[in-house]
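Enquirer:
Numbering (our numbering), first residue to last: 159 to 532.
1) What residues match up with residue 429 in a beta bridge as DSSP calls it?
2) Can you check which of these residues, 380, 428 and 232, is closest to residue 360 by C-alpha distance?
3) Identify whether residue 367 lies in helix, strand or coil by the three-state DSSP scheme.
4) Would you list, in sequence order, the uninterrupted alpha helix (DSSP H) runs of no fewer than 4 residues that lie entirely inside the segment 296-357?
5) Quick one: is residue 461 buried, meaning 16 or more other Cβ sit within 10 Å of its Cβ, or exposed?
6) Where do the ends of the alpha helix (DSSP H) carrying residue 168 lie?
7) Decide if the segment 180-188 is in contact with the segment 324-332; the criterion is three or more beta carbon pairs, one per stretch, under 8 Å apart.
8) Contact between the segment 403-410 and the segment 370-390: three or more CB pairs below 8 Å?
9) Could you check whether residue 341 and residue 172 sit closer than 7 Å to each other, using their CB atoms as the reference points?
10) Grab me the residues of residue 320's own chain with a C-beta within less than 8 Å of its C-beta, minus the 5 sequence neighbours each way, in chain order.
11) According to the Cβ coordinates, are residue 218 and residue 349 closer than 7 Å?
12) With DSSP run on the structure shown, which of helix, strand or coil describes residue 249?
13) Counting along the chain, where does the alpha helix (DSSP H) carrying residue 269 start and finish?
14) Between which two residues does the alpha helix (DSSP H) carrying residue 232 extend?
15) DSSP state of residue 212, grouped into three classes?
16) Does the structure place the segment 499-509 close enough to the segment 193-204 that three or more beta carbon pairs sit under 8 Å?
17) Buried or exposed for residue 201, going by 16 or more other Cβ atoms inside 10 Å?
18) For residue 336, verify whether its CB is less than 6 Å away from any heavy atom of the ligand ZN.
19) From residue 388 to residue 426, what does the alpha carbon distance come to, in whole angstroms?
20) Given a threshold of 16 other Cβ atoms within 10 Å of its Cβ, counted over all protein chains shown, does residue 242 qualify as buried or as exposed?
21) Whole angstroms are fine: how far does the CA of residue 384 sit from the CA of residue 355?
22) Taking buried to mean at least 16 other C-beta atoms within 10 Å of its own C-beta, is residue 308 buried or exposed?
23) Kindly indicate which residue of 338, 303 and 279 has the alpha-carbon position closest to the one of residue 293.
24) How long is the line joining the alpha carbons of residue 358 and residue 181, rounded to whole angstroms?
25) Between which two residues does the alpha helix (DSSP H) containing residue 264 stretch?
26) Can you tell me the Cα-Cα spacing of residue 306 and residue 300, whole angstroms?
27) Going by other Cβ atoms of all chains shown within 10 Å of its Cβ, with 16 needed for buried, is residue 167 buried or exposed?
28) Suppose contacts are defined by Cβ-Cβ distances below 7 Å. Is residue 496 in contact with residue 428 by that definition?
29) So the alpha helix (DSSP H) residue 197 belongs to, where does it begin and stop?
30) Nearest to residue 227 by CA position, among 352, 214 and 323, is which residue?
31) Helix, strand or coil for residue 377, going by three-state DSSP, please let me know.
32) For residue 235, tell me which candidate among 264, 211 and 225 has the shortest Cα-Cα distance.
In structure tokens, the structure reads:
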């Protein structure tokens, strides 16, 4: 878990760097009416044009990166394990197996799932509604305030935006913009590398050392970028960057559909109650514990208690091995009914509606591009 924490802190530092850079940029641009800024968040007929739709899909793909879904799902496992380890819910033998990177036999406790579910919802909602929204809005506000109405507005790219900021605002503004791109590029590259490693481990069953896996996935991600950048030049680089983000947006529905389906499926998202055998084993274990701690009232009782304890000791060994696992308990009590984590009707309807919106948006974009409207 320490490695995961270091990874999260590293990405957080890069994200904060991007936020600070664009906050500095916003402080340097000419005054913009607040009403115009908030009006930009509302749907507009401008989005029906192919260029605006293309840019919108690019922003969507860059914000909700499909491979981050794999990374987020994988990071949850160490969090669950960390909670169970801190609360003594994991056997030492199983912990040694997990430390070697094998989670196949690990079943998180229900309390760990409840805790991690709450933390994940808060974390995801906060990051999307604050940092992600601020950075994307700041990019558009800075670009609109400095480039809109100029000759380079139609063909603006990263180079022209840097030059414009350096000329209109100051040389430092261009440098800050460059640093923001550096921080965002590094965070996206690291996330892409780790996500690629996770997917490769699952599908290819790699057994090589972790640093070698990261090196291979990093090379797979970097080498094509270098080849494309060297082949297309400055003009083509901006088009390639936009196209890659649009491609991420097009892939998003295919990766989100299984996630929505499984989280809405009762059989997948339900923990069944304890079986009759597990309930009997728990009751026997409780009776054994009560017998072992009962006070002895007399010498005769002590002698009888020792004899009983010897018998109980044999029984304890057998009973403890049959005790139900930790994921059958909630708040210290054995499950008597199923626990479902399936999406409620509102969450399911919202998820399906968002999926349909993204899918229809991508289909419309593909049709528009096929008809040569862009």
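A virtual CB, placed ideally from N, CA and C, is assigned to each residue, including glycine. In this text, all values refer to a predicted model and were calculated from it rather than measured experimentally.
Expert: Short version:
1) 497
2) Closest by C-alpha distance to residue 360, out of 380, 428 and 232, is 232.
3) coil
4) 316-326
5) Only weak support exists for where residue 461 lies, its pLDDT of 44 falling under 50; the value from the coordinates is given anyway. Exposed is the call here.
6) Segment 160-186, the alpha helix (DSSP H) holding residue 168.
7) Touching, yes, given that three or more Cβ pairs across the two stretches are closer than 8 Å.
8) no
9) yes
10) 332, 335 and 336
11) no
12) When secondary structure is reduced to three states using DSSP, residue 249 falls in the coil class, being assigned neither helix nor strand.
13) In the DSSP assignment, residue 269 falls within the alpha helix (DSSP H) that extends over 268-285.
14) 224-244
15) Residue 212 sits in a helix when the DSSP states are folded into three classes.
16) no
17) exposed
18) As for the ligand ZN, it is missing from this structure, which has no ligand bound.
19) 47 Å
20) buried
21) So the two alpha carbons sit approximately 20 Å from each other.
22) exposed
23) Residue nearest to residue 293 within the set 338, 303 and 279 is 338 (criterion: CA-CA distance).
24) 38 Å
25) It is not in any alpha helix (DSSP H) - residue 264 carries neither H nor E in the DSSP assignment.
26) Taking the straight line joining both Cα atoms gives about 10 Å.
27) exposed
28) yes
29) 192-197
30) 352
31) helix
32) 264
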